[in-house]
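Have a look at the structure below before the remarks.
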Amino acid sequence: MAHASTHPAHPLPPVAPRRLLLAQRLLRGEGSVEVTAFRAGETLTTAVHGVSADGRLVVAHVPNLLGSLGAFHTPAPLDVRVDVLRDALDLTLPTRLASVHLLGTLRWCRDSAEVTELGLRGRVADLVADVGPRVRVGIVETQRILLHDVDGVAVFCRHTLPLTSRGLVDQTELADLADDVLGTAPEVLADLADAVALGLLPGESTPLQVDTEPLPESPAYALDADEAGVTLLRVRDGETTAVHVALPGAGRLDHSPRHAWRRLLDAIPARVAHP
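To convert a position in the sequence shown, counted from 1, into our numbering, add 36.
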């Protein structure tokens with residue numbers, strides 16, 4: 037019997053590297069995760085997620101002592117839907133930054149030895165260390181992943197979306213970057229967004245239809261920040277635009293996102309600066 041190919045019949049359209057990075061970040065542990073056994077109609081909403089050292093998607097859950105895992109209480113592989121949701125960096129902004137969705141198969145690890153072999157990091161590793169053997173750790177296998185973000189929808193095949201946890205940018209550095217971005221005056225964020233729109237700084241702009249409650253009064257908001265750049269929401273004359281501002285030096289081995297952000301602020305062209 038012939039086996040179905042894991043590769044698409046037609047090549048998927050290319051996706052910008054920054055969107056690839058965003059999808060990787062969400063699957064590596066950012067945001068909140070829901071795991072649904074869709075055939076049984078049951079959902080785990082208190083799970084955490086991340087990746088193994090070799091790049092497999094992992095979820096972990098602590099069963100309620102007064103209950104059970106329901107449909108999830110099975111040693112057999114289980115068909116699941118996984119949804120990872122990530123809100124905007126600025127929590128005063130009533131909008132979602134991005135979400136990742138996939139259909140796959142969940143298999144719980146047999147014992148603590150198999151969990152150890154995964155080489156877990158981040159929140160999943162912390163949960164296992166804090167709670168011990170009561171934690172159920174599962175591996176999710178999938179072939180196709182959907183990303184919804186401010187640019188629309190992107191589709192990835194599993195083999196084109198490497199998730200290995202090795203070589204990640206230091207999370208403390210990224211947390212410091214996020215603090216610096218959130219501490220930057222909205223008028224300065226607006227200047228950066230305008231400089232990109234005018235072609236004076238590297239980046240991209242995407243007009244948006246914001247379908248949420250009215251935004252708080254501000255010319256710009258911080259949507260996201262990572263090692264590649266900072267994504268802003270620019271509000272002007274009743275129009276809303278998502279602007280990705282590229283950080284200088286991204287991709288270099290000695291790249292410091294926080295220092296790059298400060299250099300970027302110093303590089304705002306005088307012609308767009310507000311008085």
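The beta carbon of each residue, even a glycine, is placed where N, CA and C say it ideally should be.
Note that this is a predicted model, so its numbers are computed, not measured.
Residues bridged to residue i [DSSP beta-bridge criterion]
i, result
"Glu275", "Arg272"
"Trp144", "Gly174"
"Thr267", "Asp260 and His280"
"Glu70", "Asp119"
"Arg132", "Asp123"
"Ser241", "Val279"
"His85", "Val95"
"Val78", "In the sequence on display, residue 78 carries Glu and not Val. Looking at the DSSP assignment, Glu78 forms a beta bridge with Ala73."
"Gly188", "Asp185"
"Arg180", "Cys193"
"His137", "Asp119 and Leu182"
"Leu114", "Leu142"
Own chain, CB closer than 7 Å to residue i, minus 5 neighbours either side, in chain order
i, result
"Val151", "Cys145, Val164 and Val173"
"Ser292", "Glu209"
"Pro284", "Ala296, Arg299 and Leu300"
"Gln60", "Leu197 and Leu199"
Own chain partners of residue i with C-beta closer than 8 Å, once the 5 adjacent residues on each side are dropped
i, result
"Val98", "Thr82, Leu163, Val167, Arg170, Val171 and Arg172"
"Val189", "Leu182 and Leu183"
"Leu62", "Val120, Arg122, Ala134, Ser135, Val136 and Leu183"
"Asp216", "Arg294, Trp297 and Arg298"
"Thr141", "Pro113, Leu114, Asp115, Val116, Val176, Glu177 and Thr178"
"Val94", "His85, Gly86, Val87, Ser88, Leu154, Leu156, Val160, Val173, Gly174, Ile175 and Val176"
"Pro53", "Ala264"
"Ser148", "Pro169"
"Leu218", "Leu125, Asp126 and Ala258"
Beta carbon of residue i nearer than 9 Å to that of residue j
i, j, result
"Asp90", "Gly155", "yes"
"Arg64", "Val84", "no"
"Val279", "Leu300", "no"
"Ala264", "Ala286", "yes"
"Gly239", "Val186", "no"
"Arg92", "Leu199", "yes"
"Leu58", "Asp273", "no"
"Val308", "Leu213", "no"
Sequence-distant residues of its chain with Cβ nearer than 6 Å to residue i (five each side left out)
i, result
"Ala256", "Pro222, Leu225, Ala226, Ala229, Leu268 and Arg270"
"Ser68", "Leu121"
"Val51", "Ala190"
"Leu107", "The question names Leu, yet the displayed sequence has Ala at residue 107. Closer than 6 Å at the Cβ level, and outside the excluded window around Ala107, lie Ala73, Ala76 and Glu78."
"Pro243", "Thr277"
"Pro305", "Ala231 and Leu236"
"Leu129", "Tyr257"
"Leu80", "Val71 and His97"
"Leu139", "Arg117"
Residue environment, residue i, which counts as buried when at least 16 other CB atoms sit within 10 Å
i, result
"Asp302", "exposed"
"Ala252", "Correcting the residue type first, residue 252 is Pro in the shown sequence and not Ala. Flag for Pro252 reads exposed."
"Leu125", "buried"
"Ala38", "Summary for Ala38: the model assigns pLDDT 37, below 50, so the residue's position carries little reliability; its value from the coordinates is reported in the next sentence. By the neighbour-count rule (16 or more Cβ atoms within 10 Å), Ala38 is not buried but exposed."
"Glu177", "exposed"
"Thr220", "buried"
"Glu66", "buried"
"Ala161", "buried"
"Arg55", "buried"
"Leu127", "exposed"
"Asp290", "exposed"
"Pro111", "exposed"
Residue-chain proximity (residue i, chain C), Cβ-Cβ < 9 Å
i, result
"Leu62", "Of the protein chains in the structure, only one exists, and it is not chain C."
Any non-hydrogen atom of the ligand ATP within 8 Å of residue i CB
i, result
"Arg180", "With respect to the ligand ATP, the structure offers nothing, as it holds no ligand at all."
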